[in-house]
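Residues 163 to 331, numbered by our numbering, are exactly what the sequence shown covers, in order. Where a beta carbon is used, it is the ideal one built from N, C-alpha and C, also for glycine. Down below is the structure, laid out as structure tokens.
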Amino acid sequence: MPEEVKKLVTYDVDGYDIVTKALETVLNIFPGLQPNEKIKFSSLKEDEGIAFYPVSGAVVASEKKSVTGMVDQLCNYPFFVVYRSAPTTPGVKTEIKEFLDTLGKWLEKQPVQVDGKEYHLDSYPTLTEGRAIESITRLTPSYLDTVAENKVEDWVISMSLKYRKKFKK
């Protein structure tokens, strides 16, 4: 019986920080946020808030090397956006779900309606060191992930940011 060959997972370690900062920037210009709201990196209060959490580091999904020494990597940065709240009515739950689904759609550069006005994300933030965001896509619709004993709910949407890194070796 042949042995299974395990593929070594490689990460763009420096890219993790660069992409995290760019993602935080784009998340916080979402037109559906209230003036005092902010989507934070890996930080939620016990009973409220909106945050994003990377699933892993920035994984190198594919790599091509040319004869001239150029390296072209396609990297994947999976993440979740979590909306924590203690909704008191079913209407609030619907609003949270719609907020996350609209955020996901907007990050995919699709037009969205917020307060009767249409918005469209024209471009992703510029990255450094030969990196460029290619796409952000929803992996799931938003869903209720957990309900704590104190009735605080975590609503989640799973997303993936793909970017390309080119450099000379």
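- The beta carbons of Leu306 and Glu315 sit about 6 Å from each other, so the pair counts as a contact at 8 Å.
- Scanning its chain for C-beta atoms nearer than 7 Å, with the 5 sequence neighbours on each side dropped, one finds around Lys200 the residues Asn190, in chain order.
- DSSP places Leu170 in no alpha helix (DSSP H); its state is neither H nor E.
- Judged by beta-carbon spacing, Arg246 lies beyond the 8 Å limit of Glu270, meaning their Cβ atoms are not closer than that value.
- Three or more beta-carbon pairs separated by less than 8 Å are not found between the region 276–288 and the region 218–225, which leaves the two stretches without contact.
- Secondary structure of Glu257 (DSSP, three-state): helix.
- By the 16-neighbour rule on beta-carbons within 10 angstroms, Gln275 is exposed.
- The shortest CA-to-CA distance from Asp277 to any of Phe192, Asn312, Ile295 is the one to Phe192.
- Nearest C-alpha to Ala310 among Asp179, Glu208, Tyr325, Ser228: Glu208.
- Beyond the five residues adjoining it in sequence on each side, Lys202 comes within less than 6 Å, by CB distance, of Ala213 in the same chain, given in chain order.
- Taken in chain order, the whole beta strand (DSSP E) runs of length 3 or more contained in the region 184–210 are 201–203.
- Beyond the five residues adjoining it in sequence on each side, Ile295 comes within less than 6 Å, by CB distance, of Tyr286, Tyr325 in the same chain, given in chain order.
- With fewer than 16 other CB atoms across the displayed protein chains lying within 10 angstroms of its CB, Phe329 is exposed.
- Rounded to the nearest whole angstrom, the CA to CA distance from Val254 to Asp234 is 45 Å.
- In the three-state DSSP reduction, Asp284 falls in the coil class, being neither helix nor strand.
- By alpha-carbon distance to Trp317, the top candidate from Thr290, Tyr215, Val175, Tyr173 is Tyr215.
- Taking the C-beta atoms as reference points, Thr302 is found nearer than 8 Å to Ile319.
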